[in-house]
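Participant:
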Amino acid sequence: MQVSPRLRDAIAGRMWEIYNNAFEHAGSQIGVFTCGQYFRNKKELILSVVDFGQGIAANVRNYLITDPRAANLSSAACLHWAFQQGTTTRPNGAPRGVGLDLLKDFIRVNHGKLEVYSNEGYGIIDHTGERFENQSISFEGTFFHITLRCDARYYQFANEVSKNLQL
Amino acid sequence: MELRILDLIGPRCIVKEDGQRVYEKIHPVLNKHQTVTLDFEGVTQFASPFFNFSIGQLLKDIIEEDLRQHLQVKNLVSDGELVIKRVIENASRYYKDVDYRKIVDSILEQQAKESQ
């Protein structure tokens, strides 16, 4: 697989966001599984990450348990909430909640696609937007399926390194 | 104080444990209102857990203006810049009180839109 070092590093960084979420939030007793394949002709990298934890919607409902209405929140609406910047089900300690948002931005710029199945929820994010819906089947865990274009034309890197960055 | 991240952590700034190591070195210095420079030369991969723990966590007891004044960052590639800026923006909101009721309201509002 041939990609520029910059694109390779950006892909690795965003994928870490998924693995971090899986290990930190899922509570999967049997770990996290991942696999991938590079399609040379299409220059597409497909990556899948699955955990068998409680699932995103169950996690959100559990986090909001002090509100009796939380039990009736739909999986799609919970998924939608989890994908917004700054939302997290771990409100103590260090700040969290930007990982999925960074990944989402990357997918859009890259003209890639992210699909997620978790509990009854399904979500799809691509350069045209994002859509979340409820399904009739339920999956106890979370499955991410990501398609990335390994073509630097879809990702405009600023070449410069900030000598001194103003925070 | 200047800290070379490549020497302390290596070329990948990803996990929260590494972020915590940086935090423990710089927090006492910044608390004394002294300047800290983080040099990212040679660091190539970035993810939010590292910055959440190294930088975002500082906003727990240091006000944002002081942090921006006393924390200098240099030789950071554009991908790292994207992550660090998003983390600081998020962290300044993060330490406000969580309103669970408001969260449920916003999810229910989304749910209502779905069923239309």
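Heads up: the sequence lines are chains B and S, in that order. Here the first sequence is numbered in numbering that gives the first Met the number 0, starting from 0 and rising by one per residue. Here the second sequence is numbered in numbering that gives the first Met the number 0, starting from 0 and rising by one per residue. We treat Cβ as the ideally placed atom computed from N, Cα and C, and that holds for glycine.
Just mark S:K15 as buried or exposed, buried being the case when its beta carbon has 16 or more other beta carbons within 10 Å.
Facilitator: buried
Participant: Please classify S:Q71: does DSSP put it in a helix, a strand, or coil?
Facilitator: strand
Participant: Just reading off the alpha helix (DSSP H) that B:Y18 is part of, what are its end residues?
Facilitator: Looking at the DSSP string, the run of the alpha helix (DSSP H) that includes B:Y18 is P4 to H24.
Participant: Does the Cβ of S:E113 have 16 or more other Cβ atoms within 10 Å, making it buried, or fewer, making it exposed?
Facilitator: exposed
Participant: Whole angstroms is fine: what's the gap from S:K24's alpha carbon to S:S77's?
Facilitator: 25 Å
Participant: Assign B:N61 to buried or exposed, taking buried as 16 or more other Cβ atoms, counted over all protein chains shown, within 10 Å of its Cβ.
Facilitator: exposed
Participant: Should S:D98 go down as buried or exposed, given a rule of 16 or more other Cβ atoms within 10 Å for buried?
Facilitator: exposed
Participant: Which residues does DSSP list as the beta-bridge partners of B:H144?
Facilitator: B:S47 and B:E114
Participant: Measure the C-alpha to C-alpha separation of B:G98 and B:S117 and round it to an integer number of angstroms.
Facilitator: 17 Å
Participant: Relative to chain S, which residues along the stretch 62 to 83 of chain B have a C-beta separation below 7 Å, given in chain order?
Facilitator: L63, T65, D66, R68, A69, L72, S73, A75, A76, C77, H79 and W80
Participant: Can you tell me whether S:P48 is buried or exposed? The criterion is at least 16 other CB atoms within 10 Å of its CB, across all chains shown.
Facilitator: buried
Participant: Exposed or buried, B:M14, counting other C-beta atoms within 10 Å across all chains shown (16 or more means buried)?
Facilitator: buried
Participant: By the 7 Å beta-carbon criterion, what residues does the stretch 14 to 38 of chain B contribute toward chain S?
Facilitator: Taking 7 Å as the Cβ-Cβ cut-off against chain S, the residues of the stretch 14 to 38 of chain B that qualify are W15, E16 and N19.
Participant: Under 7 Å, Cβ to Cβ, is there at least one residue of chain S near B:R152?
Facilitator: no
Participant: Sort B:A75, B:D125, B:I106 and B:G96 by Cα distance to B:I136 and report the nearest one.
Facilitator: B:A75
Participant: For a contact meaning CB atoms closer than 7 Å, what does B:D8 contact in chain S?
Facilitator: T43, Q44 and D78
Participant: Per DSSP, S:D38 is paired with what?
Facilitator: Under DSSP, S:D38 shares a beta bridge with S:R3 and S:K73.
Participant: Going by C-alpha distance, which of B:T86, B:G30, B:H79 and B:E43 is nearest B:G128?
Facilitator: B:H79
Participant: Nearest-angstrom Cα distance between B:N71 and S:K31?
Facilitator: 49 Å
Participant: Just to confirm, is the Cβ distance from S:L29 to S:V21 under 7 Å?
Facilitator: In this structure, the beta-carbon distance from S:L29 to S:V21 does not fall below 7 Å.
Participant: Would you report the Cα separation of B:Q134 and B:G122, rounded to the nearest angstrom?
Facilitator: 10 Å
Participant: Between the stretch 95 to 115 of chain B and the stretch 11 to 25 of chain B, can you find at least three pairs of beta-carbon atoms closer than 8 Å?
Facilitator: Between the stretch 11 to 25 of chain B and the stretch 95 to 115 of chain B, the count of C-beta pairs closer than 8 Å reaches three or more; the two stretches touch.
Participant: Return helix, strand or coil for B:N109, following the three-state DSSP convention.
Facilitator: coil
Participant: Roughly how many angstroms lie between the CA atoms of B:F143 and B:A11, to the nearest whole one?
Facilitator: Going by the C-alpha atoms only, they are around 15 Å apart.
Participant: Contact defined as beta carbons within less than 8 Å: I believe B:G140 pairs with B:F51. What is the distance between those atoms, to the nearest angstrom?
Facilitator: 4 Å
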